[in-house]
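In the working numbering, the protein residues as written are 986 to 1321. Glycine is no exception: its CB is placed at the ideal position from the N, C-alpha and C atoms.
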Amino acid sequence: LNHRLFRFDTLIDSVNQEVIMNRRRELAGNLDSVIRAMEASYAEDSSSFFAEYRKYKYGILKMNEGKTGLEEIGAKYLGPEVRDAHPGFMQLFHAMYRDFLFYFSRTEEGAGIRNVINRSHNLDALREQIRLHPSVSSDTLADLILLRELSTVFYQGEYHQEAILIMLDSMIQDPLIPRYGLYAAQIRQKLSNLLIGSQPPVFSLTDMQGDRYSLSDSEGKYTYLIFCTPEHYGCMMEYPFLQSYLSRHTAYLDVVSVMVAEERKDVEQFMERNGYQWKAVYYKDQPGILSDYEVRAFPVAYLIGPDGTLVLSPAPLPSEGFEQQLFRIMRSRGEI
986 LNHRLFRFDT
996 LIDSVNQEVI
1006 MNRRRELAGN
1016 LDSVIRAMEA
1026 SYAEDSSSFF
1036 AEYRKYKYGI
1046 LKMNEGKTGL
1056 EEIGAKYLGP
1066 EVRDAHPGFM
1076 QLFHAMYRDF
1086 LFYFSRTEEG
1096 AGIRNVINRS
1106 HNLDALREQI
1116 RLHPSVSSDT
1126 LADLILLREL
1136 STVFYQGEYH
1146 QEAILIMLDS
1156 MIQDPLIPRY
1166 GLYAAQIRQK
1176 LSNLLIGSQP
1186 PVFSLTDMQG
1196 DRYSLSDSEG
1206 KYTYLIFCTP
1216 EHYGCMMEYP
1226 FLQSYLSRHT
1236 AYLDVVSVMV
1246 AEERKDVEQF
1256 MERNGYQWKA
1266 VYYKDQPGIL
1276 SDYEVRAFPV
1286 AYLIGPDGTL
1296 VLSPAPLPSE
1306 GFEQQLFRIM
1316 RSRGEI
């Protein structure tokens, strides 16, 4: 089966590239004929798992073709049963409902979503709103969409973080199916880890001298934790600021950059070539740190207080006025 899946995925990738290229060039294609021809070659295959997998993959092709609405794709390829344990189902599901709340809340049918989440915190009412979309055929599918989207919008500012946590609490306390309650609890725990006042995710990474560093090593000082790469233009704009912090704020602020690169030597050479001296640690000692800190783009920063709890999450970048924000916090605490 694994061999058949691999060969099929290779074929699908090739067809998908052609579909996307035709769409960009506004060229006509006959995807339905291609799908029928592909499916005919598996007429003798008796694996139900493989048959479902192919169906979900065909749905992704139809999504990328851009000629078929979500309702039809949902009816023909995704549903009606929610199969969240099936990898093919989840791939099509994510393709169909990426940024669903952003787009649907801006339609007439979904216009009440923001008020339901931010003000009334009513899970049943939110389900009803989601069900107004013609592709959402059940409360079970609506809740799976919410589990995906509530974690996605948590840091985007349109929805109150406290409100999102309340909605997740409701899904934990009264899940449609038990595993959804478990999913909601896992998402809530992960999101709570980055709330202001909470303990940030722990890590232990090595710096460019080979020494281990953990956040506890900076206890008693503020820690400006920033995630960067050596080549990213946005990161390069911030590096001179980080270097300047060493001379101006070292008595009460540690600067730590988690550097993402193919090889450790890339980071070592970058730091040495530019004469940068703040503490840079290499992410591959603990690659899950990017997920733990919700790093989806570079650069992103956090400020951790002397007591080890998050003070700014996320924090402004140096070029966005981080120093002024730090001084305001320290003044409010009577530290300067």
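DSSP beta-bridge partners of Val1266 | Asp1192, Val1243.
Would Gln1358 pass as a contact of Gly1293 if the rule is Cβ separation under 8 Å?
-> No answer is possible for residue 1358: the residues shown for the chain start at 986 and end at 1321.
To the nearest angstrom, report how far apart Glu1011 and Ser999 are at their CA atoms.
-> Approximately 18 Å, taken between the alpha carbons.
If you draw a straight line from the alpha carbon of Gln1158 to that of Gly1097, how long is it in whole angstroms?
-> One C-alpha to the other measures close to 24 Å.
contact_flag[the region 1098–1115, the region 1042–1049] where n(CB pairs < 8 Å) is 3 or more = These segments do not touch.
Extent of the continuous beta strand (DSSP E) to which Val1285 belongs = Taken as a continuous stretch (DSSP letters only), the beta strand (DSSP E) holding Val1285 covers 1285–1289.
Name the two residues that bound the continuous beta strand (DSSP E) containing Ala1300.
-> Ala1300 -> beta strand (DSSP E) spans 1295–1300.
Tyr1278 in three-state terms, based on DSSP = Tyr1278 falls in the coil class under three-state DSSP.
Considering only the beta carbon of each residue, do Cys1220 and Pro1284 sit closer than 8 Å?
-> The answer is yes: Cβ separation under 8 Å.
Does the region 1265–1273 come close enough to the region 1229–1239 to have 3 or more Cβ pairs within less than 8 Å?
-> These segments do not touch.
Minimum C-alpha distance to Ser1155 - residue among Val1138, Ile1005, Ile1289, Arg1112 = Nearest Cα to Ser1155 within the set Val1138, Ile1005, Ile1289, Arg1112: Arg1112.
Give the range of the alpha helix (DSSP H) segment to which Thr1208 is assigned.
-> No alpha helix (DSSP H) contains Thr1208, which is instead part of the beta strand (DSSP E) from 1207–1213.
Beta-carbon spacing of Pro1291, Tyr1207 below 8 Å | It is a contact, given that the beta carbons lie within the stated cut-off.
Which of helix, strand or coil does DSSP assign to Tyr1043?
-> Shown here, Tyr1043 sits in a helix according to DSSP, grouped into three states.
The region 1012–1026 in contact with the region 1076–1096 per 3-pair CB rule at 8 Å | No contact exists between the region 1012–1026 and the region 1076–1096.
Since Thr995 is in the alpha helix (DSSP H), which residue starts that stretch and which ends it?
-> Start and end: 987–1009.
Please list, in chain order, all residues of the same chain as Phe1188 whose beta carbon is under 6 Å from its beta carbon, the five residues on each side excluded.
-> So the list reads Gln1271, Ile1274, once near-sequence residues are dropped.
CB-CB under 6 Å to Tyr1140, same chain, minus the five flanking residues each way: which ones, in chain order?
-> For Tyr1140, there are no CB contacts under 6 Å within the same chain when 5 residues up- and downstream are skipped.
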